[in-house]
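2 protein chains.
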Amino acid sequence: MDETSTLGKKRIRISLDAMGGDFAPHNEIKGAVEALREANNRFEVVFIGKQDKIKQALSEYDTEELNYSIVNATQVIGMEDSPVSALREKKDSTIAVGLDLHKERKVDAFVSAGNTGAVVSASTLVLGRLQSVSRPTIGAFFPSEQGVTLLLDAGAVTDCKPHFLHEFAVMGSIYAQLMFHRENPKIGLLNIGEEESKGDELTKAVYKLLDNSNLNFIGNIEGRDVLRGKADVVICDGFTGNVLLKFGESVIGVLKSKFKMYAERGILEKLWMGMMRGTLRKILKEFDYEEYGGVPLLGIKGITIIGHGGSTPKAIKNMILKAEEMIIKKVNERIESAMESMQTVPASGISSTV
Amino acid sequence: MDETSTLGKKRIRISLDAMGGDFAPHNEIKGAVEALREANNRFEVVFIGKQDKIKQALSEYDTEELNYSIVNATQVIGMEDSPVSALREKKDSTIAVGLDLHKERKVDAFVSAGNTGAVVSASTLVLGRLQSVSRPTIGAFFPSEQGVTLLLDAGAVTDCKPHFLHEFAVMGSIYAQLMFHRENPKIGLLNIGEEESKGDELTKAVYKLLDNSNLNFIGNIEGRDVLRGKADVVICDGFTGNVLLKFGESVIGVLKSKFKMYAERGILEKLWMGMMRGTLRKILKEFDYEEYGGVPLLGIKGITIIGHGGSTPKAIKNMILKAEEMIIKKVNERIESAMESMQTVPASGISSTV
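As you go down the protein sequences, you meet chains U and C in turn. Residue 1 is where the first sequence starts when you use our numbering, and the numbers rise one by one after that. Residue 1001 is where the second sequence starts when you use our numbering, and the numbers rise one by one after that.
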């Protein structure tokens, strides 16, 4: 059996920002090696970054059989750099080089745990938007009783017009269908009450658009419904989504430190905590966003997956594997055709491009 | 020693919506009895609701020494009722009767675990706004490493103008100073990044107002900073605040059910969970919003404290005691004088009433 993953005749190539995360290049290299091993080398990983550092990090592994290449990039956009000025000044940064390669179709995806703002801006500027997409959107994954929930937008667009959120819903629906295997994904509009009349000006207008669309719109959902998995895809503006994502991420950290504090209190507590460690870890892991790897930027002419600065090797591995899956499943082609045929059932003068 | 709590010569009277919560009147009566006992009867509780039901619930306690009275109200606004139409139609509801008494200054506060929307609307309509307050705001308490953080607004005002948030900050600062005993409360603006340039149109404008005010403004804070207690008072629009509050409330429930699920897995897990129960309960309790009782509605001519529908007797007790504390500490008088002298340091044409 030929294990090679190809796009038509071409073998899939995934570029990885080797200097992106807080533990780069170590975690990046380790994650990529694990991804290639797990995937039996059916795609190629293109490491972007300082060649000597990448080679040094790779020397820790038996790489003879691994399907990889290195493209040199001498600069790195740091976490504290301002995205816009850094992109202007650092022409040879890993982000610029990786996305240029993607634009030239020399690679099929770009994966980075670097400066999120810079990756979002550069992806949009360099790759461009898909046909009919007003604003690309960044997703976030929330653990839920149904497994996982996709939230859009998690911070790419802060000031939203109603039709932006409609577009997010269309893109999210396609993503959940293909990547979560949900046949007819349930779309929920994040709001402050369930009734149609609830919400701010934006959500009231979005409700009408979604209600008249051919999406599986289940209506308004509230903050409490996110983790309960009431919807497969949660739609909101990027301000609310970003606040919620960062709040959610902090909960696990705060709980872990509380458990640790209690464990240090006495000998009995210490003993119980020791015995419980495995179970606690399992429970907290379900809520650990790192497990999902990175998040996709949807609506661009290409595949960009963005990871947390502190991405573990496992997170990097998952990001690479998800990028391959998105390529194979032609997520972008499906989004483009859904966006083209995006329609609202004609009703009281409401159109999808209000 | 005279244990009577008085306002000048007058004894403090706190009205309680006896039919408000999901477990009314049982939890309401129990909570009020406990509050009166704990406070040695230094104030009076005025129960509002169906007289026979209240008397029946009170018969379970030794009430001979308790300082209470009953005001009959035959109707109840249910949790599913639309606030506006319910207030119009149910003139003899506990909420309407309780707030009318408060307006007439026959009581000094109104406490309810009933329909939040109805209590907010009725309080604003019946009692009116404090001088210089554009919009009353409902608070929410988040547990934090510093003890507790006040978030404003948690849902009273969804579409906000910049100066509304400035006013929330002034009111929150006074509340935290008097009720949390923080000398110069740290005010944080909830945003999607720390830099001044980050955010949506609203937060960028609010940043300027707060930065030029005489508040102890510590700048933008992110979702992850809320539980870490970076600010004593977190300011945001009511849409974001409401989503965050309900999300936060759901976390404990979801975790509890996960722990329960694991405990049912096997005999060893069951044993460990049994031993751990006390510790787990303590940890989760710190994150349990019920412990804080209810939340204040700030900016109205009166004291309204609103509880969760599922308020426990302990929550009801705490709501009553907090109402007394707000009365004694003259929170409203202090807010009014702070609002009157609310000023921004003159800078680039920015005024507090933009």
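All C-beta atoms, glycine included, are put in the ideal place defined by N, C-alpha and C.
Nearest to U:Gln146 by C-alpha distance, out of U:Lys10, U:Pro185, U:Val243 and U:Lys314, is U:Pro185. For U:Leu190, the three-state secondary structure derived from DSSP is strand. Within chain C, the residues placing a beta-carbon under 9 Å from that of U:Gly199 are Thr1158 and Phe1239, ordered along the chain. Here C:Pro1313 carries a helix assignment [DSSP, helix/strand/coil].
Under the three-state reduction of DSSP, C:Glu1044 is assigned to strand. Buried is the label assigned to C:Asp1200, since at least 16 other Cβ atoms lie within 10 Å of its Cβ. Beta-bridge analysis with DSSP links C:Phe1217 to C:Ile1187. At least one beta carbon of chain C lies nearer than 8 Å to the beta carbon of U:Leu227.
Contact annotation, C:Gly1223 with U:Lys246: C-beta distance approximately 3 Å; criterion of less than 8 Å satisfied. Just so you know, the alpha carbons of C:Thr1094 and U:Met79 end up roughly 55 Å apart.
The secondary-structure analysis by DSSP pairs C:Gly1139 across a beta bridge with C:Leu1152. Counting along the chain, the unbroken alpha helix (DSSP H) around C:Ile1029 starts and ends at His1026 to Glu1038.
For C:Ala1118, the closest alpha carbon among the candidates C:Ala1096, C:Gly1139, C:Leu1130 and C:Lys1106 is that of C:Ala1096.
A distance below 8 Å between beta-carbons, with the five flanking residues on each side excluded, links C:Ile1221 to the following residues of its chain, in chain order: Gly1188, Leu1189, Leu1190, Asn1191, Glu1194, Lys1230, Ala1231 and Val1234. Contact annotation: the segment 325 to 340 of chain U does not touch the segment 137 to 157 of chain U, with fewer than three C-beta pairs closer than 8 Å.
The residue among U:Gly128, U:Asp225 and U:Gly266 with its C-alpha nearest the C-alpha of U:Leu297 is U:Gly128.
As DSSP reads the structure, U:Tyr68 sits in a beta bridge with U:Val45. Using a Cβ-Cβ cut-off of 9 Å, C:Glu1249 is close to Gly223 and Arg224 of chain U, given in chain order.
Secondary structure at C:Lys1091: coil, using DSSP grouped into helix, strand and coil. For C:Gly1139, none of the residues of chain U pass the 8 Å Cβ criterion, the least Cβ distance being about 16 Å.
In the structure shown, C:Phe1023 falls within a coil segment according to DSSP collapsed to helix, strand and coil.
Between U:Asn212 and U:Met342, the alpha-carbon positions lie close to 11 Å from each other. Three or more Cβ pairs drawn from the segment 1097 to 1117 of chain C and the segment 1305 to 1315 of chain C lie within less than 8 Å of each other, which places the two stretches in contact. Comparing C-alpha distances from C:Ile1303 to each of C:Arg1105, C:Val1084, C:Ile1070 and C:Phe1023 shows the shortest one belongs to C:Arg1105.
Taking all protein chains in view, the Cβ of U:Asp22 is surrounded by fewer than 16 other Cβ atoms within 10 Å, so the residue is classified as exposed.
Residue state for U:Val120 is assigned as helix, using DSSP reduced to three classes. In terms of CA proximity to C:Ala1169, C:Ser1134 leads the group C:Ser1144, C:Ser1197, C:Ser1134 and C:Glu1196. Beyond the five residues adjoining it in sequence on each side, C:Leu1321 comes within less than 6 Å, by CB distance, of Ala1035 in the same chain, given in chain order.
Taking every protein chain shown into account, the CB of C:Ser1173 has 16 or more other CB atoms within 10 angstroms, so this residue is buried. One finds nothing in chain U with a Cβ atom closer than 7 Å to the Cβ of C:Ile1235; even the nearest lies about 12 Å away. Under the three-state reduction of DSSP, C:Ile1300 is assigned to strand.
When DSSP reads this structure, U:Val233 sits in a beta bridge with U:Leu150 and U:Ile187. Around C:Lys1230, no beta-carbon contact reaches into chain U at under 7 Å, the shortest distance being about 11 Å. C:Gly1155 has a beta carbon lying within less than 8 Å of a beta carbon in chain U.
Contact of C:Ile1267 with chain U by beta-carbon distance below 9 Å is absent, the smallest such distance being about 13 Å. In this chain, the beta strand (DSSP E) harbouring C:Ala1109 covers Ala1109 to Ser1112.
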